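J.: Okay, here's the structure, questions in a sec.
Number of protein chains: 2
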Amino acid sequence: MVKSSTKKELIVSAARKLFLEAGYGATSMDSIAAEAGVSKRTVYSHFKNKENLFAAIMGDMCDLISGTNPNEPIPANEPEQVLKQLGLHIIESVMEPEALDVFRVVLAESPVFPELGKAFWKAGPDVMKGFLVDYLVELDRRGILQINNPELSAFQFMGMIKWPYHMRLLFGAGKPPTKSEIEESLDLAVSTFVNGLKLKK
Amino acid sequence: MVKSSTKKELIVSAARKLFLEAGYGATSMDSIAAEAGVSKRTVYSHFKNKENLFAAIMGDMCDLISGTNPNEPIPANEPEQVLKQLGLHIIESVMEPEALDVFRVVLAESPVFPELGKAFWKAGPDVMKGFLVDYLVELDRRGILQINNPELSAFQFMGMIKWPYHMRLLFGAGKPPTKSEIEESLDLAVSTFVNGLKLKK
DNA sequence: GTCTATAAATGGATAGAC
DNA sequence: GTCTATCCATTTATAGAC
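Top line first, the protein sequences correspond to chains A and B. Residue numbering for the first sequence is 144 to 344, as defined by the working numbering. Residue numbering for the second sequence is 144 to 344, as defined by the working numbering.
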């Protein structure tokens, strides 16, 4: 039996939109109720208070982000191809407008909601790191790269790939990169990384 | 003639502390006046409103960050040494507790204060990028590295160096790295970067 | 410039009816 | 669960005296 939308869903949807747009402090329970088209009392019948509502919403967003990470085994192609493909996923997923909002809002509130900051890290970068670590260890085992510290190399690869455009977008200091700019960035990062870690003689 | 502290200085100092600790929304003009030990009316006699006060304070913080960037000519040592030294400066400066607060607060408010976000980028990462670009171009000219896109390589180097520990600290997902962890990270990043971009045959 | 006092509006949260 | 109406604390900003 299909219901159009429960009140709770309306509230969650409205709260998500407003929290992501304006952050925790600048979003009022009044505005959430208005956006959802319900009374404020109804909001409080579903969520104990503003903090709980925020934590619930943003916790869900972290899980959602986590779900976008790769979960298939890595194909046995050329390392450059695999890394470029992973890199493309990394940069595209963090540049999603909604992902930018989540990043900004979670970071802003992480001193007040420390569990949220940790949840974001664990669901996002940490998952991708684990995935990369497995692959780098395999490349080391196959004698293709020399990976002495897989975790560190994984993080450095991620930083090299995502930091430049991600940060510029977050601070409003540049336009989104074009496809060919992303392409160029990925090619350079992957070749630098692979050549830099190639097994020496 | 040395004055202890003007009221304006007291206000600025109090506002800076509170804004950096709690962000824009969670800091009230009342609390700023109280922290400064002046009346609220005095705050408003020096700053038109809360937005102006915030923009002034945070704009100053951006300039302050800019002032910590290197401005001396780069010594003609081994590239690895120079890059490691620059990398050490990068990572140490972004991990300063006050720099972490500035980063978080500016980013949080950059949708509302877009000029602030751009100012931060221009005073911080952009300055360091320019410095790195000059050096990478020189290394290319000297036939040491092959740098086809200096700006891109500079940003990727910065991302590789700073992203891992910077992000974990911001999200509260890890302890500050020890000296030896920083050392290891810098060594790996620099060697990956230099080997990866060495002039081929 | 600086203070005390207060205006005017908004915030989170609840009472009580249905 | 849901609504209308409201309480009470807090917020930004200003009035007016000194």
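Cβ atoms here follow ideal geometry from the backbone N, Cα and C, with glycine treated the same way. Predicted model, so just to flag it, every value in this text is computed and none were measured.
So, using beta-carbon positions, are G315(A) and G260(B) closer together than 8 Å?
T.: Here residue 315(A) refers to the residue found at position 172 when the first sequence is read from its first residue. Here residue 260(B) refers to the residue found at position 117 when the second sequence is read from its first residue. Result yes, Cβ atoms of G315(A) and G260(B) sit closer than 8 Å.
J.: Mind checking the stretch 309-323 of chain B against chain A and listing, in chain order, the residues whose C-beta falls within less than 9 Å of any C-beta there?
T.: Flagged, chain order: H309, M310, R311, L313, F314, G315, A316 and G317.
J.: Hey, would you say L312(B) sits closer than 8 Å to K227(B), going by beta carbons?
T.: What you label residue 312(B) is simply residue 169 of the second sequence in a count that begins at 1. What you label residue 227(B) is simply residue 84 of the second sequence in a count that begins at 1. Going by C-beta atoms, L312(B) is not nearer than 8 Å to K227(B).
J.: Quick one: any contact between the stretch 235-248 of chain A and the stretch 170-187 of chain A, if contact means 3 or more CB pairs under 8 Å?
T.: They do not touch, by the three-pair rule.
J.: Residues in the stretch 256-277 of chain B with C-beta within 8 Å of chain A's C-beta atoms, listed in sequence order?
T.: P257, G260, K261, F263, W264, K265, P268 and D269
J.: Taking 8 Å as the threshold (beta carbon to beta carbon), is L193(B) in contact with chain A?
T.: Counting from 1 along the second sequence, the entry for residue 193(B) is found at position 50. The question names Leu, but residue 193(B) in the sequence shown is Lys. Not an interface residue.
J.: DSSP has L196(A) in a bridge; who is on the other side?
T.: Counting from 1 along the first sequence, the entry for residue 196(A) is found at position 53. Answer is none; L196(A) lacks a bridge partner.
J.: Between which residues of its own chain and K344(B) is the CB-CB distance below 6 Å, once the five residues before and five after are set aside?
T.: Against the second sequence, residue 344(B) aligns to sequence position 201. For K344(B), the predicted model reports a pLDDT of 49, less than 50, meaning its position is unreliable; a value from the coordinates is still stated below. By the criterion of a C-beta distance shorter than 6 Å, K344(B) is surrounded by no residue of its chain, once the five residues flanking it on both sides are discounted.
J.: Consult DSSP for L288(B) and reduce its assignment to one of helix, strand or coil.
T.: As a working note, residue 288(B) is residue 145 in the second sequence. Residue state, collapsed to three classes: strand.
J.: Enumerate, from N- to C-terminal direction, the unbroken alpha helix (DSSP H) stretches of 4 or more residues contained entirely within the stretch 184-248 of chain A.
T.: 193-210 and 222-238
J.: Cβ atoms of I234(B) and K305(B): under 8 Å apart, would you say?
T.: As a first step, residue 305(B) must be located in the second sequence, where it is residue number 162. As a first step, residue 234(B) must be located in the second sequence, where it is residue number 91. Yes, the pair counts as a contact, with Cβ atoms nearer than the cut-off.
J.: Going by DSSP, which residues form a beta bridge with K341(B)?
T.: Numbered from its first residue, the second sequence carries residue 341(B) at position 198. The partner list for K341(B) (beta bridge, DSSP) reads L288(B).
J.: For G180(A), count the other beta carbons within 10 Å of its own beta carbon; 16 or more makes it buried, fewer makes it exposed. Which is it?
T.: Here residue 180(A) refers to the residue found at position 37 when the first sequence is read from its first residue. Classification for G180(A): exposed.
J.: Does the beta carbon of K344(B) come closer than 8 Å to any beta carbon on chain A?
T.: For the purposes of this step, residue 344(B) is identified with residue 201 of the second sequence, where counting begins at 1. Low confidence applies here, because K344(B) scores a pLDDT of 49, under 50, leaving its location unreliable; read the following figure in that light. For K344(B), the answer is no, since every Cβ of chain A falls outside 8 Å of its Cβ.
J.: Taking the C-alpha atoms as reference points, what is the distance between E241(A) and G286(B)?
T.: Stepping through the first sequence from its first residue, residue 241(A) is reached at position 98. Stepping through the second sequence from its first residue, residue 286(B) is reached at position 143. So the alpha carbons of these two residues sit roughly 44 Å apart.
J.: Please list, in chain order, all residues of the same chain as F336(A) whose beta carbon is under 6 Å from its beta carbon, the five residues on each side excluded.
T.: Here residue 336(A) refers to the residue found at position 193 when the first sequence is read from its first residue. Within the same chain, F336(A) has close Cβ partners F300.
J.: Are M303(B) and A266(B) touching if we call contact CB-CB under 8 Å?
T.: Counting from one through the second sequence, the residue named residue 303(B) turns up at place 160. Counting from one through the second sequence, the residue named residue 266(B) turns up at place 123. No; because the gap between Cβ atoms is not below 8 Å, this pair is not in contact.
J.: Taking E223(B) as the reference, give the member of P213(B), L282(B), P307(B) and M310(B) with the closest Cα.
T.: Against the second sequence, residue 223(B) aligns to sequence position 80. The shortest C-alpha separation from E223(B) is found at L282(B).
J.: Closest to N376(B) by CA distance: which of K272(B), S148(B), P257(B) and E324(B) is it?
T.: Because residue 376(B) is not part of the residues shown, which for chain B are 144 to 344, the question remains open.
J.: Here's the rule I'm using: 16 or more other beta-carbon atoms within 10 Å means buried, otherwise exposed. How should P319(A) be labelled?
T.: Counting from one through the first sequence, the residue named residue 319(A) turns up at place 176. Taking a 10 Å sphere around the C-beta of P319(A), we find fewer than 16 other C-beta atoms and assign the residue as exposed.
J.: Is it buried or exposed for G230(B), if we count other Cβ within 10 angstroms and need 16 for buried?
T.: Counting from 1 along the second sequence, the entry for residue 230(B) is found at position 87. It counts as buried.
J.: Let me check understanding here. Comparing Cα to Cα, which of I154(A), V255(A), L275(A) and S334(A) lies closest to H232(A)?
T.: Translated into the one-based positions of the first sequence, residue 232(A) becomes position 89. That would be L275(A), whose Cα lies nearest to the Cα of H232(A).
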